[in-house]
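Numbering-wise (the working numbering), the sequence shown opens with residue 11 and increments by one. A virtual CB, placed ideally from N, CA and C, is assigned to each residue, including glycine. Since the structure is predicted, the reported quantities are computational estimates derived from the model, not experimental observations. Below you'll find the structure, written out as C-alpha cells, and then a few comments.
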Amino acid sequence: MINLFYVSEEVYSYENEDIIKKALEFDRIGEVQLDLQNKSIYYKINRRKCIRLSDLIFWIESDFIRIHLGQLLYLFVLLLNQVQLIESQGIEHNYLDLNRIWLHLAENSQYPNLIYQILIYSIHFTGYQCPIYEKSKFQQKASSKIKEIIQIIINRCFNRIHLKWTNNDKRNQIYNEIMIPIINLCKSQNSNNYDIIICIQGLMKKYNYKEDLKNKLIQCLDIDDNCNDYFNSDRQKVIPKVNQDLTAIIQFANQYGQIVIESLLYQFIPIISKHLESYSKLKLDYIFKAQQEYKMIIKNESKTYQLIKEQVQIMIQNSLKEKEKEYKFEITDDEIKQLEVDIINQVLQCQSLKYFNNTFWLYHNNQEIHHYQFSAATKYMVQIVEEQVDLLFIKKVLILITELI
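Written as C-alpha cells, this is what we have:
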C-alpha cells in the first residue's frame, strides 16, 4: 500500500436546493454538509479510501503506480455507468471534470501501488451545479463530457500500460484494435454512452478479461503484462522506503494546507518514479519546496486581495453617489474605510473563493489564477457592497430619528 493519506476538504456552490439534495441521494462521497444559507456544499474526504481521478491519471502517467489495461477498460465502464445512473434519475451534471470524479475504494479493495493491485471501487461525482471557476463557464452535459474524459485518460495513460510484449509494432496493433474503436465512439456525435459500454465489454470479452477477487488475482486481459512488478519484484522492495518519504512529505506539508501537500506530491512523485532503481540513495528536499510553495500561495492571495480591494473601493464610491441622490448624510473617511474593510472581509469568505482551495490541480499551469478568483468573487462583491451601503444609511437614518426625538 502506498501512503498517500491525508484529508481533502472541498467546497462547491450550488443553485437549487431540491436538485442538490436529490443528487446527494444517489451520489455522495465522504462527509457531506449542506450550507443552505450560503448555497454551498462541503465535502470532507479521507484519501485513505478515496482517490481523485486527476490524481490517479497523474500517478499512472508518471509510471508511479501500475495498473493493467483490463483495469483501465473497467474504469471506463464504471465512469459511463455512473453518468447513466444519475441521468436516469433526472439529475444533470453540467460541470464535470477530472477533479470532480472520485473513486471510493471498497473495504476489500487494495490501494494503487508500485505493483499491480486488485482495485474494487465505486465512482462518485462532486461539484453538481457549481461552475468551473478556473476555466470557461461553458456548460456541458455529463453524457457528453465523459466521452472527452475517456479520451484524455487514453491519451495520458495508455503508453504507461505494460503489455506482454515490449515490441512497438505489437503495442500499436493493440492500440488500434482496442483503443481506436473506443476513441472513435467517444468522438462520434451519433454514439451514446450505452454504445461505448457495449463496445468496451465486447473488447474485454474478446481479450478474456478475468478477475478472481476471492483469491486476489489481478484484473487483466490476456495481453496484459503477467510477469513484471509482482511480489518480490524490485519495485515491491522499495515500497517501505517510498512510503516513509511520502509520509514525511505529507506530515510536514500538512501545516501549510492541502494545496501545498498536493503540489509537493506533484513535484516529487515523478522524481521518485524515475529513481526507483537507486531509490535508497535519493534525498528529497521537501522542506524547502514546501516553504517555497506556501510563499507562492501567499503571493497569489495578495494579488487577489489587491484586485478585490481596488474593485470594492470603486463600487463603494459608485454606490455612495447613488445614495447621495436620496440622502444628504455626511459620510466620513473613517466610515468609508470601515465599510471597505467589512466588505473585503466578507468577500474573502465567499464560497467561490474557498472553492480554489479544493485542489492543487486548479493552480497547475494556471498562472492567472488570481484573475479567475477575482472573477468568481465579483457577483458576491456586488451583493455585499449593496447590502453594506444600505446598512450604513439605515444606521444613519436611525441615528437621526433618535436625535430628533
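CB contact flag (residue i, residue j, <7 Å)
i	j	result
Tyr16	Ile271	yes
Ala386	Val357	no
Ser362	Tyr143	yes
Ile353	Val395	yes
Asp73	Ser273	no
Ile70	Arg181	no
Ser121	Arg76	This sequence places Tyr at residue 121; Ser is not what is there. Going by C-beta atoms, Tyr121 is not nearer than 7 Å to Arg76.
Gly137	Tyr105	yes
Ser64	Asn109	yes
Trp112	His78	no
Leu90	Ile12	no
Ile39	His103	no
Ala152	Val93	yes
Tyr296	Ile260	no
Leu294	Asp232	no
Ile30	Tyr24	yes
Tyr390	Cys360	yes
Lys406	Phe339	yes
Nearest-angstrom Cα separation, counted from residue j out to residue i
i	j	result
Leu34	Ile341	48 Å
Asp344	Glu350	10 Å
Leu124	Gln268	23 Å
Asn200	Ser154	11 Å
Ile279	Leu317	35 Å
Glu41	Ser98	25 Å
Lys335	Lys313	34 Å
Glu303	His380	15 Å
Lys145	Lys319	23 Å
Gln149	Ile159	15 Å
Glu378	Ile307	13 Å
Asn367	Arg57	16 Å
Val87	Gly212	11 Å
Lys216	Ile281	37 Å
Ser132	Leu85	9 Å
Glu397	Glu117	49 Å
Thr412	Phe298	60 Å
Asp222	Asn236	15 Å
Leu401	Lys251	60 Å
Asn310	Gln43	28 Å
Asn177	Lys364	48 Å
Tyr337	Phe384	32 Å
Asn242	Leu195	40 Å
Asn202	Asp179	31 Å
His374	Ser288	29 Å
Neighbourhood of residue i by C-beta distance below 8 Å, restricted to the same chain and skipping five residues each side
i	result
Lys197	Lys157, Gln161
Tyr315	Ile354, Leu358
Val399	Ile326, Ser329, Leu330, Lys333, Leu349
Asn376	Glu144, Tyr382
Val322	Glu350, Ile353, Ile354, Val357, Met391, Val395
Anticipated Cβ contact below 8 Å, residue i with residue j, distance rounded
i	j	result
Leu173	Asp244	19 Å between Cβ atoms; not a contact.
Ser119	Ile101	Wrong, their Cβ atoms sit about 26 Å apart, outside the cutoff.
Gly80	Met214	7 Å
Phe403	Lys333	6 Å
Ile210	Ile193	With a Cβ gap of about 12 Å, Ile210 and Ile193 do not count as contacting.
Ile55	Glu20	7 Å
Phe36	Ile96	6 Å
Phe370	Tyr276	6 Å
Ile128	Gln246	In fact, because the Cβ distance is near 15 Å, the residues do not count as touching under 8 Å.
Contact set for residue i: own chain, Cβ-Cβ below 6 Å, skip 5 residues either direction
i	result
Met325	Val395
Arg166	Ile67, Glu71
Leu292	His285
Asn253	Asn13
Tyr204	none
Leu83	Ile210, Met214
Ile164	Met189
Leu408	none
Leu372	Glu144, Phe366
Same chain only: Cβ atoms within 7 Å of residue i, ignoring 5 sequence neighbours per side
i	result
Ala300	Phe262, Ala263, Tyr266, Val270, Leu274
Leu46	Glu27
Lys59	His114, Leu115
Asn48	Gln361
Thr257	Asn13
Asp107	Ile142
Subject >> Within the segment 331-373, ranges of the alpha helix (DSSP H) (whole runs, at least 4 residues) >> reply: 343-358, 361-364
Original post:
Unbroken alpha helix (DSSP H) runs of length 4 or more, entirely within the segment 29-91: which are they?
Top reply: 63-71
Original post:
Enumerated in chain order, which unbroken segments of the alpha helix (DSSP H) with a length of 4 residues or greater are wholly contained in the segment 183-217?
Top reply: 190-197, 203-216
Original post:
Can you give, in chain order, each stretch of the alpha helix (DSSP H) that sits fully within the segment 250-283 and has at least 4 residues?
Top reply: When DSSP assignments are scanned along the segment 250-283, no uninterrupted stretch of alpha helix (DSSP H) that is 4 or more residues long falls wholly within it.
Subject >> Whole runs of the beta strand (DSSP E) within the segment 124-168, excluding any shorter than 3 residues >> reply: Counting only unbroken stretches of 3 or more residues, the beta strand (DSSP E) elements lying wholly within the segment 124-168 are 131-135, in sequence order.
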